Amino acid sequence: MAGTGPTLRVEGLRTHFFTNDGVVKAVDDVSFAVDRGHTLGLVGESGCGKTVTGFSILGLVDPPGRVTAGRILFNGEDLLTAGEERLRSLRGDRIAMIFQDPMMTLNPVLRIETQMVETVLAHQDVDRATARRMARDAMGKVGIPSPDERLSAYPHQFSGGMRQRVAIAIAFINQPDLIIADEPTTALDVTIQGQILFEAQKLCREVGTALIWITHDLAVVAGLADRICVMYAGRVVEEGSLDDVLDWPIHPYTRGLLNSVPSQKKNGERLEQIPGMTPSPLNLPPGCAFKTRCPRADHVCDAEPELREPVPGRRIRCFHPHARGSP
Amino acid sequence: MATVQQQLADISVAEAGSRVQTPFERFRADFFASRVATGSLYVLVAIILIAVFAPVISPTNPYDLATVTVLDARLPPGAKSGDGVIFWLGSDGAGRDLLSSIFYGLRISLGVGIASGLVAVCIGCVVGLTAAYFGGRTDSVIMRIVDIQLSFPAILVALVLLAILGKGVDKIIIALVVAQWAYYARTVRASALVERNKEYVEAAKCLALGHRRILFRHILPNCLAPLIVVATLQTAHAISLEATLSFLGVGLPITEPSLGLLIANGFEYMLSEKYWISFFPGVALLVAIVSINLVGDQLRDILNPRLQR
Amino acid sequence: MSVFVIRRLLQSALVVLVMSLLVFVGVHVVGDPVEMLVNPEADQAEIARVTQAFGLDRPFYEQYGLFLLNALTGDLGLSFVYGEPALKLIVQRIPATLELALAALLMAIVLGIPLGVFAGLRPDSKVSRTIMAGSILGFSLPTFWVGIMMIMVFAVILGWLPSTGRGTTVNLLGVDVSFLTMDGLAHLLMPALNLALFKISLVIRLSRAGTRETVLQDYIKFARAKGISNARVVFVHLLKNIMIPVVTVLGLEFGGLIAFSVVTETVFAWPGMGKLIIDSIHSLDRPVVVAYLMIIVLIFVVINLVVDILYSILDPRVRLRDVKA
Numbered sequence: 008m009a010g011t012g013p014t015l016r017v018e019g020l021r022t023h024f025f026t027n028d029g030v031v032k033a034v035d036d037v038s039f040a041v042d043r044g045h046t047l048g049l050v051g052e053s054g055c056g057k058t059v060t061g062f063s064i065l066g067l068v069d070p071p072g073r074v075t076a077g078r079i080l081f082n083g084e085d086l087l088t089a090g091e092e093r094l095r096s097l098r099g100d101r102i103a104m105i106f107q108d109p110m111m112t113l114n115p116v117l118r119i120e121t122q123m124v125e126t127v128l129a130h131q132d133v134d135r136a137t138a139r140r141m142a143r144d145a146m147g148k149v150g151i152p153s154p155d156e157r158l159s160a161y162p163h164q165f166s167g168g169m170r171q172r173v174a175i176a177i178a179f180i181n182q183p184d185l186i187i188a189d190e191p192t193t194a195l196d197v198t199i200q201g202q203i204l205f206e207a208q209k210l211c212r213e214v215g216t217a218l219i220w221i222t223h224d225l226a227v228v229a230g231l232a233d234r235i236c237v238m239y240a241g242r243v244v245e246e247g248s249l250d251d252v253l254d255w256p257i258h259p260y261t262r263g264l265l266n267s268v269p270s271q272k273k274n275g276e277r278l279e280q281i282p283g284m285t286p287s288p289l290n291l292p293p294g295c296a297f298k299t300r301c302p303r304a305d306h307v308c309d310a311e312p313e314l315r316e317p318v319p320g321r322r323i324r325c326f327h328p329h330a331r332g333s334p
Numbered sequence: 163m164a165t166v167q168q169q170l171a172d173i174s175v176a177e178a179g180s181r182v183q184t185p186f187e188r189f190r191a192d193f194f195a196s197r198v199a200t201g202s203l204y205v206l207v208a209i210i211l212i213a214v215f216a217p218v219i220s221p222t223n224p225y226d227l228a229t230v231t232v233l234d235a236r237l238p239p240g241a242k243s244g245d246g247v248i249f250w251l252g253s254d255g256a257g258r259d260l261l262s263s264i265f266y267g268l269r270i271s272l273g274v275g276i277a278s279g280l281v282a283v284c285i286g287c288v289v290g291l292t293a294a295y296f297g298g299r300t301d302s303v304i305m306r307i308v309d310i311q312l313s314f315p316a317i318l319v320a321l322v323l324l325a326i327l328g329k330g331v332d333k334i335i336i337a338l339v340v341a342q343w344a345y346y347a348r349t350v351r352a353s354a355l356v357e358r359n360k361e362y363v364e365a366a367k368c369l370a371l372g373h374r375r376i377l378f379r380h381i382l383p384n385c386l387a388p389l390i391v392v393a394t395l396q397t398a399h400a401i402s403l404e405a406t407l408s409f410l411g412v413g414l415p416i417t418e419p420s421l422g423l424l425i426a427n428g429f430e431y432m433l434s435e436k437y438w439i440s441f442f443p444g445v446a447l448l449v450a451i452v453s454i455n456l457v458g459d460q461l462r463d464i465l466n467p468r469l470q471r
Numbered sequence: 002m003s004v005f006v007i008r009r010l011l012q013s014a015l016v017v018l019v020m021s022l023l024v025f026v027g028v029h030v031v032g033d034p035v036e037m038l039v040n041p042e043a044d045q046a047e048i049a050r051v052t053q054a055f056g057l058d059r060p061f062y063e064q065y066g067l068f069l070l071n072a073l074t075g076d077l078g079l080s081f082v083y084g085e086p087a088l089k090l091i092v093q094r095i096p097a098t099l100e101l102a103l104a105a106l107l108m109a110i111v112l113g114i115p116l117g118v119f120a121g122l123r124p125d126s127k128v129s130r131t132i133m134a135g136s137i138l139g140f141s142l143p144t145f146w147v148g149i150m151m152i153m154v155f156a157v158i159l160g161w162l163p164s165t166g167r168g169t170t171v172n173l174l175g176v177d178v179s180f181l182t183m184d185g186l187a188h189l190l191m192p193a194l195n196l197a198l199f200k201i202s203l204v205i206r207l208s209r210a211g212t213r214e215t216v217l218q219d220y221i222k223f224a225r226a227k228g229i230s231n232a233r234v235v236f237v238h239l240l241k242n243i244m245i246p247v248v249t250v251l252g253l254e255f256g257g258l259i260a261f262s263v264v265t266e267t268v269f270a271w272p273g274m275g276k277l278i279i280d281s282i283h284s285l286d287r288p289v290v291v292a293y294l295m296i297i298v299l300i301f302v303v304i305n306l307v308v309d310i311l312y313s314i315l316d317p318r319v320r321l322r323d324v325k326a
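Chains as they are written, first to last, in this note's numbering: chain L, 8 to 334; chain Y, 163 to 471; chain P, 2 to 326.
Here's what the structure looks like:
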């Protein structure tokens, strides 16, 4: 268990993919921290590198990708220098991950029970019966009815929402210190989405698990996160507590994201969008990656902006930050 | 500052500069990207040329009884015959030059394999297209027959037919056709089923085009890709099958010796270490089959839609 | 589950019936049936007897009925060459063929799957490339030629293994088997390997393709994210997924093994069904040919049935879908 200090601190993480067509800088200088029991919302468009960040933390980046720089301090231990065996013992036990697509996360030819029990047996020295009981309890906690029957079932007999609940149960079963949830509700109905969010939040509060919730949907994290970290083209562009960021979005991209969320107040008005498209990761423009779509960009933005801390607890990477209260 | 418009303009300039490849050019580029496949194709072409021009390029005519004498029998590779002709690969039990026998044998092996393949393809196409296009009862009945036939190995089907029909080139072609058509039928039906549900078929039907026209002018061309792959690999299999049947003595008669028969002839000399009589025809057979398989493999890889870029 | 089995059983029975009709028609339509079934050197009395026994002077459906009746009681005619009931001759040789085919199947699984999975997990290593090149050779090489070369190299030149025939047999549960003796194994090795070569290549390619596809799946990554040991990921998560197509193909191909044993038995003079049928074809021993056909049809139908059932056990999706249907 963590003493003082955050459960997870990522510093200057860079993960690059060395493909035949060139180097893809999927994660390019990402830094953030998550405290015990807190939730961090990692927000950004698809392709901005959030999922790769998650995999990098767990050491599951497959070739041709590789972490090239940075530190990942989990309870003070740098995961990037830990061996593969150490990482394996941490995965599923101290750090767990929930994937995006519930259809493909569970092995179709193995029973649910098998897949849950093996998670326990891989990390705890208990007998099968105990592990099975733990699995049953976990199913109950995420709100799956008649867990005994469900345990002997196969994944394809479950609905998408149920499968994701199972994935959450598996993530929590060893009471990890950190959970990385990669867009777990994107593939589900909106109503189920709400339930899943609620379950996850409840469990985190109970156990004191730190949670990183990766999503492209700001509305989702608005009700869930303690801090928000906005990513664009592999870089962190803004970070701060939820209230602060929503109250005063500094980065033009964050502002654009917030403005494009449909809301009651703007009833009848045209939906706002951020013009243009995300640049191809193979072909990032030099300097600020957002400059091609930014209404405030000028020649200054041809240089690379650094991550600064204008106000304690707020980090921002921009040459033309919005002042507080500006439109 | 680069605006969105600027970006779009840049993209269209870049596109106009490069030429768009035709599908055929792309196919050709993809195929020859593999050195192995390219090499195999050259070998295959060489073999086909040898087979076609066998009478012209053979050092001797091994079936001209006037020149063949038992005094030349079982000579090792490189030895000279009584007439002073060099037997590059040795001679067989009857005194025939092995190299020439192989050339003639290739002719027959390839000829029978390809001929039976072509006929089987035609029959398979018609059956498969009919089943896929008309669906319903027709489809069920036809596919039942196809499935049952496919549950029996080709060699058995051929063996049984030849046991009943006897020997002869025409009979072995019939046997090979019967052993193969079902496989083609199933392949064609599978692709035709996919095509049938596509919109251009609906459009053609709306135009009240006749069934035959729709089938042959519209659906068939789109089924060709997997068919070509299967046909290539199956032809290799057919050649191997014919050789096996000839070896077993139920295939071609002695008057038309394929490579299989040559190998069978050499079987009895194996124990006395006169290996060349079976060895070299086998190598020729092997080279033919492997090159066809490698070409077929490459075709399959580049025509596979799942691997398409 | 039992509905599934019953349905398959009925279908299989139908197939056997249809095939028997086809065999019957084949024998009677292609040439004079009397000539087909009677020893060419028989005298008038023998011809009359056979004609009577098989009812060859009766209408077609009666003849077929008689044929079926005879078949059900196990009477498929007498062999011209051996003078014994054709069925008995064939059944005597089934154990030898089965032993060969099963040994080949075992080799295909034991050699093919590990090699294929390895090639799939490390597709770019030199070893993998060698394995794949070997597999192309494996199924391009004609079985009979490989057999001849094997005898040439291992028996004639090196003298390590006996060249032909079956080794000493031991009676196991009423059946003669040869794999329980060293001599038997020595005789079994080459023919089984020869027969298995094609299948090994097939299994290697299948396992490799299956492995490459499965390894990319999310559930494999998820299993690793749970901290499951690498060994378990490969042997439980991966293997069970690729087993399904491999088992299906192997099951369907087992029939092919029995069919191709015809070739291997001829090359290695292995006293099985295959050698018998070839000899019978050459000596025009037609009753044996007919009997062989019927037995083979029966064997194949049973094999397909077993494979279907096995498949439904391995893939739970099939089992449940069928029950709902």
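C-beta: ideal position from N, C-alpha, C; glycine also.
Nothing here was measured: the structure is a model prediction, and the numbers come from that model.
Buried or exposed: where does Thr397(Y) fall if 16 or more other Cβ atoms within 10 Å of its Cβ makes it buried?
-> Reading the second sequence from its first residue, position 235 is the one you call residue 397(Y). Thr397(Y) should be labelled buried.
Hey, could you find the ends of the alpha helix (DSSP H) Asp259(Y) is sitting in?
-> Locating residue 259(Y) in the second sequence gives position 97, where the first residue counts as 1. First-last for Asp259(Y): undefined, no H or E at that position.
Exercise. Name the chain P residues whose beta carbon is nearer than 9 Å to that of Asn455(Y)?
Worked result: In the second sequence, residue 455(Y) corresponds to position 293, counting from 1. Neighbours of Asn455(Y) on chain P, chain order: Ile137, Phe140, Ser141.
Can you confirm whether the segment 269 to 278 of chain Y touches the segment 289 to 301 of chain Y when touching is taken to mean that 3 or more C-beta pairs between the two stretches lie within less than 8 Å?
No: the two stretches stay apart, fewer than three of their Cβ pairs being nearer than 8 Å.
TODO: Please list, in chain order, all residues of the same chain as Val118(P) whose beta carbon is under 8 Å from its beta carbon, the five residues on each side excluded.
DONE: Along the third sequence, one-based indexing puts residue 118(P) at 117. Cβ neighbours of Val118(P) beyond the five flanking positions: Ser208, Arg209, Thr212, Val235, Leu239, Leu240, Ile243.
Strictly below 9 Å CB to CB, what residues from chain P border Val452(Y)?
Walking along the second sequence from the start, residue 452(Y) turns up at place 290. Neighbours of Val452(Y) across chain P, judged by C-beta separation under 9 Å: Ile137, Leu138, Ser141, Leu142.
Can you pull the chain P residues whose beta carbon is under 8 Å from the beta carbon of Leu261(Y), in chain order? Position 99 of the second sequence, counted from the start, is the residue given in the question as residue 261(Y). Residues of chain P passing the Cβ test: none, with the nearest at roughly 18 Å.
Counting along the chain, where does the alpha helix (DSSP H) carrying Lys32(L) start and finish? Along the first sequence, one-based indexing puts residue 32(L) at 25. That residue, Lys32(L), is in no alpha helix (DSSP H); its beta strand (DSSP E) goes 29 to 41.
With a threshold of 8 Å, are at least 3 pairs of Cβ atoms found where one atom belongs to the segment 172 to 188 of chain L and the other to the segment 111 to 119 of chain L? Touching, per the Cβ criterion.
(request) Could you name the residues of chain L that Gly228(P) contacts, counting a contact when the two beta carbons are closer than 8 Å? (result) For the purposes of this step, residue 228(P) is identified with residue 227 of the third sequence, where counting begins at 1. Under the 8 Å cutoff, chain L gives Arg95, Ser96, Leu97, Arg98, Gly99, Asp100, Thr126, Ala129, His130.
| task | Please classify Leu181(P): does DSSP put it in a helix, a strand, or coil? | result | As a first step, residue 181(P) is located in the third sequence; it is residue number 180 there, counting from the start. DSSP places Leu181(P) in coil when its eight states are reduced to three.
Residue nearest to Leu220(P) in terms of C-alpha spacing, selected from Ala40(L), Ile105(L), Pro71(L):
In the third sequence, residue 220(P) corresponds to position 219, counting from 1. Note that residue 220(P) is Tyr in the sequence shown, not Leu. Ranking Ala40(L), Ile105(L), Pro71(L) by Cα distance to Tyr220(P) puts Ile105(L) first.
Q.
Is Ser180(Y) close to chain P? Criterion is C-beta to C-beta, closer than 9 Å.
A. As a first step, residue 180(Y) is located in the second sequence; it is residue number 18 there, counting from the start. Low local confidence applies: a pLDDT of 48 at Ser180(Y) is under 50, so the model's placement there is unreliable, and no value is given.
Using only alpha-carbon positions, find the residue among Ile219(Y), Val452(Y), Arg462(Y), Phe265(Y) that is nearest to Leu138(P).
-> Walking along the third sequence from the start, residue 138(P) turns up at place 137. Of the listed residues, the one whose Cα sits closest to Leu138(P) is Val452(Y).
- Message: When you compare the CB positions of Arg249(P) and Tyr312(P), do they come within less than 9 Å of one another, or not?
- Response: Position 248 of the third sequence holds residue 249(P). Position 311 of the third sequence holds residue 312(P). Correcting the residue identity first, residue 249(P) is Thr in this sequence and not Arg. Yes, the pair counts as a contact, with Cβ atoms nearer than the cut-off.
Could you tell me the alpha carbon to alpha carbon distance between Lys298(L) and Leu49(L), rounded to whole angstroms?
The residue given as residue 298(L) occupies position 291 in the first sequence. The residue given as residue 49(L) occupies position 42 in the first sequence. Distance between the alpha carbons of Lys298(L) and Leu49(L) is about 21 Å.
Rounded to a whole number of angstroms, what is the C-alpha to C-alpha distance between Val204(P) and Ile149(P)? Taking the first residue of the third sequence as position 1, residue 204(P) is located at position 203. Taking the first residue of the third sequence as position 1, residue 149(P) is located at position 148. So the alpha carbons of these two residues sit roughly 24 Å apart.
### Query
Would the segment 157 to 164 of chain L and the segment 71 to 88 of chain L be scored as touching if the rule is three or more Cβ pairs under 8 Å?
Taking 8 Å as the limit for Cβ pairs, the verdict is that the segment 71 to 88 of chain L does not touch the segment 157 to 164 of chain L.
Any idea which residues DSSP pairs Gly78(P) with across the strands? Residue mapping note: residue 78(P) aligns to position 77 of the third sequence, counting from 1. Residue pairing by DSSP places Gly78(P) in no beta bridge whatsoever.
Taking just the CA atoms, how far does Arg78(L) sit from Pro251(L)?
In the first sequence, the residue the question calls residue 251(L) occupies position 244. In the first sequence, the residue the question calls residue 78(L) occupies position 71. Sequence check: residue 251(L) is Asp here, not Pro. A direct Cα-Cα distance of roughly 27 Å separates Asp251(L) from Arg78(L).
Distance check for Arg358(Y) and Ile180(L), CA to CA, integer angstroms please. Against the first sequence, residue 180(L) aligns to sequence position 173. Against the second sequence, residue 358(Y) aligns to sequence position 196. Cα-Cα distance, rounded: 50 Å.
ask   = Is the Cβ of Thr137(L) closer than 9 Å to any Cβ of chain P?
value = Numbered from its first residue, the first sequence carries residue 137(L) at position 130. Using a Cβ-Cβ cut-off of 9 Å, Thr137(L) does not count as an interface residue toward chain P, since no Cβ of chain P sits closer than that to its own.
| said: Using a 10 Å radius around the Cβ and a threshold of 16 neighbouring Cβ atoms, would you call Asp44(P) buried or exposed? | reply: Looking up residue 44(P) in the third sequence gives position 43. Here Asp44(P) is exposed, its C-beta having fewer than 16 other C-beta atoms within 10 Å.
Ignoring anything shorter than 4 residues or poking outside the segment 197 to 241 of chain P, list the alpha helix (DSSP H) runs there in chain order. Complete alpha helix (DSSP H) runs here, min 4: 219 to 226.
Euclidean distance between Cα positions of Leu299(P) and Tyr266(Y)
Here residue 299(P) corresponds to residue number 298 of the third sequence, with the count starting at 1. Here residue 266(Y) corresponds to residue number 104 of the second sequence, with the count starting at 1. Taking the straight line joining both Cα atoms gives about 41 Å.
* **Outcome for Ala232(P) when other beta-carbon atoms lying within 10 angstroms are tallied against a minimum of 16** => Along the third sequence, one-based indexing puts residue 232(P) at 231. Exposed, because fewer than 16 other Cβ atoms sit within 10 Å of the Cβ of Ala232(P).
What residues in the segment 417 to 430 of chain Y have a beta carbon less than 7 Å from any beta carbon of chain P? Listed by position, the residues of the segment 417 to 430 of chain Y near chain P (Cβ gap below 7 Å) are Ile425, Phe429.
Strand pairing of Trp161(P), partner residues [DSSP]: Within the third sequence, the letter at position 160 stands for residue 161(P). Looking at the DSSP output, Trp161(P) bridges to nothing.
Under 8 Å Cβ-Cβ, which residues of chain L neighbour Asp309(P)? Your numbering for residue 309(P) matches position 308 in the third sequence. Residues of chain L whose Cβ lies closer than 8 Å to the Cβ of Asp309(P) do not exist; the shortest such Cβ separation is about 18 Å.
Val289(P) and Ser80(P) closer than 9 Å at C-beta:
As a working note, residue 289(P) is residue 288 in the third sequence. As a working note, residue 80(P) is residue 79 in the third sequence. Ser80(P) is positioned such that its CB atom lies closer than 9 Å to that of Val289(P).
According to DSSP, Asn172(P) sits in a beta bridge with which residue or residues?
On the third sequence, residue 172(P) is found 171 positions in, with the first residue counted as 1. Beta-bridge pairing by DSSP links Asn172(P) to Asp177(P).
- Counting only beta-carbon atoms, is Phe5(P) nearer than 9 Å to chain L? If you number the third sequence from 1, residue 5(P) lands on position 4. No, Phe5(P) lies away from the interface with chain L (no Cβ there is under 9 Å from its Cβ).
- Task: Give a yes or no on whether 9 Å exceeds the smallest Cβ distance from Met305(Y) to chain P.
- Result: Here residue 305(Y) refers to the residue found at position 143 when the second sequence is read from its first residue. With 9 Å as the cut-off, Met305(Y) does not count as an interface residue toward chain P.
*What residues from chain L crowd round Lys241(P), counting only those whose CB sits closer than 9 Å?*
Walking along the third sequence from the start, residue 241(P) turns up at place 240. Within chain L, Asn114, Val116, Leu117 have C-beta atoms less than 9 Å from the C-beta of Lys241(P), given in sequence order.
CB contact flag (Arg135(L), Gly247(L), <9 Å): Mapped onto the first sequence, residue 135(L) falls at position 128. Mapped onto the first sequence, residue 247(L) falls at position 240. In this structure, Gly247(L) does not lie closer than 9 Å to Arg135(L) by Cβ.
What alpha helix (DSSP H) runs, 4 residues minimum, are completely inside the segment 193 to 253 of chain L? Runs of the alpha helix (DSSP H) inside the segment 193 to 253 of chain L: 197 to 214, 225 to 229.
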